[in-house]
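Comments concern the structure below.
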Amino acid sequence: MKILLLILLTLASANVFAQPEQIVLIRHAEKMTGKDPELTPQGQQRAQRLATLLAPLSPGRLFSTNYNRTKQTLAPLSSKISVPVQLYDPRALADFAMQLKTYSGAIVVAGHSNTTPELVKLLSGHSVSIREDEFDKVFIVSWEEGKAILEEQHSN
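Just so we're aligned: the sequence shown equals residues -18 to -1, 1 to 138 in mature numbering (1 follows the signal peptide of the UniProt record, and there is no 0).
Okay, here's the thing in structure tokens:
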């Protein structure tokens, strides 16, 4: 019985101390107009470039909102690394941020110009912005000695 209890405590504590290596947050690529638009040809090209850029990180989880533009932005990466895209609710970002912090490895999240900055702040404590005409920003949140570090790059 004591051994079983020790094993259960060890397994439970492993989840408590799990922390992602890094979380990469991107806005969807260029989109057409409409209610749930798909990517433009330029957006499809950007999605391919993002797949090439992010595949070496070997992300174990890919997350997207349930919109064509975000799912299509991650589709080439998903195909390239054989990791399915999971959906998240952009209206529950605080809960999603807490969920993300329980995973390990690299994670990629595709969002929107209004939700990605909010999620970056929830994860890192840093404020960022994305203009309506910006599609190339890539935010990388990592942790060093428990402190969040934010790096901003561009996908071009």
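Ideal placement from N, C-alpha and C gives every residue a C-beta, glycine not left out.
Taking Cβ positions, are residue i and residue j nearer each other than 8 Å?
{"i": "residue 141", "j": "V90", "result": "Nothing in the structure corresponds to residue 141, since the chain is present only between -18 and 138."}
{"i": "P41", "j": "A88", "result": "yes"}
{"i": "A92", "j": "I8", "result": "yes"}
{"i": "A(-1)", "j": "T52", "result": "no"}
{"i": "S137", "j": "R28", "result": "yes"}
{"i": "G25", "j": "K17", "result": "no"}
{"i": "A79", "j": "L39", "result": "no"}
{"i": "V102", "j": "F117", "result": "no"}
Return helix, strand or coil for residue i, following the three-state DSSP convention.
{"i": "Q27", "result": "helix"}
{"i": "Q68", "result": "strand"}
{"i": "W45", "result": "The question names Trp, yet the displayed sequence has Phe at residue 45. Three-state result, F45: strand."}
{"i": "residue 139", "result": "The displayed coordinates of the chain run from -18 to 138. Any statement about residue 139 would go beyond what the structure contains."}
So residue i is in the beta strand (DSSP E); what residue range does that whole segment cover?
{"i": "R72", "result": "The sequence shown places Pro at residue 72, rather than the Arg named in the question. Where P72 is concerned, there is no enclosing beta strand (DSSP E), given that its DSSP letter is neither H nor E."}
{"i": "A130", "result": "K129 to H136"}
{"i": "I89", "result": "G87 to G93"}
{"i": "L7", "result": "P2 to R9"}
Starting from residue i, trace the alpha helix (DSSP H) both ways and give me its first and last residue.
{"i": "S106", "result": "T97 to S106"}
{"i": "Q54", "result": "N50 to I63"}
Just confirm the distance between the C-beta atoms of residue i and residue j, as a whole number of angstroms; I'd bet it's less than 8 Å.
{"i": "A11", "j": "T47", "result": "So it is not a contact: roughly 14 Å between Cβ atoms."}
{"i": "S106", "j": "A130", "result": "4 Å"}
{"i": "E100", "j": "K119", "result": "With a Cβ gap of about 14 Å, E100 and K119 do not count as contacting."}
{"i": "E3", "j": "S86", "result": "7 Å"}
{"i": "residue 152", "j": "S60", "result": "In this structure the chain extends from -18 to 138, so residue 152 is not present and cannot be described."}
{"i": "V65", "j": "L36", "result": "With 8 Å as the limit, V65 and L36 do not qualify as a contact, their Cβ atoms being about 11 Å apart."}
contact_flag[the stretch 93 to 111, the stretch 68 to 83] where n(CB pairs < 8 Å) is 3 or more: With a cut-off of 8 Å, the stretch 68 to 83 and the stretch 93 to 111 count as touching, because enough Cβ pairs lie within range.
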